[in-house]
Amino acid sequence: MIRTLLALDGALVLGALSFVLAAEDDIRVVAEVDRGDAVSAAVHAQRPDVVVADLDVVEGLDPSRLGRCPVLVLAHPQRARRLRGLLCPTRTVGILRSDAGPQRVIDGIRRLARREPVLDADLVVAALRSNGPLTSRETEVLTLTAAGAPVAEVAASLGLSRGTVRNHLGRITRKVGARTRVEAVRMAGEAGWI
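As numbered in mature numbering (1 follows the signal peptide of the UniProt record, and there is no 0), residues -22 to -1, 1 to 172 make up the sequence shown, in order.
Here's what the structure looks like:
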């Protein structure tokens, strides 16, 4: 029996995956948490064989707090760069897209329990890729723009003038080879730069 802890953001996703896993004869969900600060305590109390977690829930969590338990991280492709801190040769970490099908997640749990690799190649490449052509300030500007913030809001958030934000957006658009800001956001997201 593979004792599994689910650490997922959102009750609906958490409940749905728990329901799917309950139908498997060899997997038992021993705990469900939806916050990063609850993961460590649940790992120590339940001693799972595998943790399945959203990147948003486990990002920033000290890996030593999980003991030797392998972790299957579910990440959105646009957030792949944030996986870099989790990639560690001394730790068993599986990486799948957050939109992976249930059977792929089930297979990932089984493989991690056997200490076999579970990797989405595109996510790993995006995680290991450099920051690309964007400066850190340009990345901040584009990330806020991608979240839907207008120029005035981006300027206020970063302590910049509106003209400076527009200049950054123009440079970003040229650097990534886009025609519009929307296209620049899409291309940078696909490349894992934001």
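We put the beta carbon where it would ideally sit given N, CA and C, even for glycine.
For residue i, which residues from the same chain have a beta carbon less than 7 Å from its beta carbon, with the 5 sequence-adjacent residues on both sides left out?
{"i": "arginine 60", "result": "Leu33 and Glu37"}
{"i": "alanine 124", "result": "Val163, Gly167 and Ile172"}
{"i": "valine 8", "result": "Arg(-20), Thr(-19), Leu(-18), Gln24 and Pro26"}
{"i": "residue 175", "result": "The structure shown has nothing for residue 175, since the chain only spans -22 to 172."}
How is the beta strand (DSSP E) around residue i delimited, first residue to last?
{"i": "alanine 9", "result": "5 to 11"}
{"i": "arginine -20", "result": "-21 to -16"}
{"i": "arginine 89", "result": "From DSSP, arginine 89 is part of no beta strand (DSSP E) but of the alpha helix (DSSP H) over 80 to 91."}
{"i": "valine 96", "result": "Element bounds for valine 96: n/a, residue is neither H nor E."}
{"i": "leucine -2", "result": "Careful: leucine -2 lies outside any beta strand (DSSP E), inside the alpha helix (DSSP H) at -12 to -1."}
Go to residue i, then tell me how far its alpha helix (DSSP H) extends in each direction, as first and last residue.
{"i": "arginine 159", "result": "159 to 169"}
{"i": "alanine 127", "result": "Element bounds for alanine 127: n/a, residue is neither H nor E."}
{"i": "glycine 148", "result": "140 to 154"}
{"i": "aspartate 34", "result": "33 to 36"}
Give a yes or no on whether the C-beta atoms belonging to residue i and residue j are separated by under 8 Å.
{"i": "glycine 72", "j": "leucine 50", "result": "yes"}
{"i": "alanine 20", "j": "valine 11", "result": "yes"}
{"i": "alanine 53", "j": "leucine 101", "result": "yes"}
{"i": "aspartate -14", "j": "valine 35", "result": "yes"}
{"i": "valine 29", "j": "cysteine 47", "result": "yes"}
Skipping 5 residues on each side, what residues in its chain have a beta carbon closer than 8 Å to that of residue i?
{"i": "leucine 22", "result": "According to the sequence as given, residue 22 is histidine; it is not leucine. These residues qualify, in order along the chain: Gly45."}
Does the stretch 145 to 157 come close enough to the stretch 113 to 120 to have 3 or more Cβ pairs within less than 8 Å?
The stretch 145 to 157, when compared against the stretch 113 to 120, does touch it at the 8 Å Cβ threshold.
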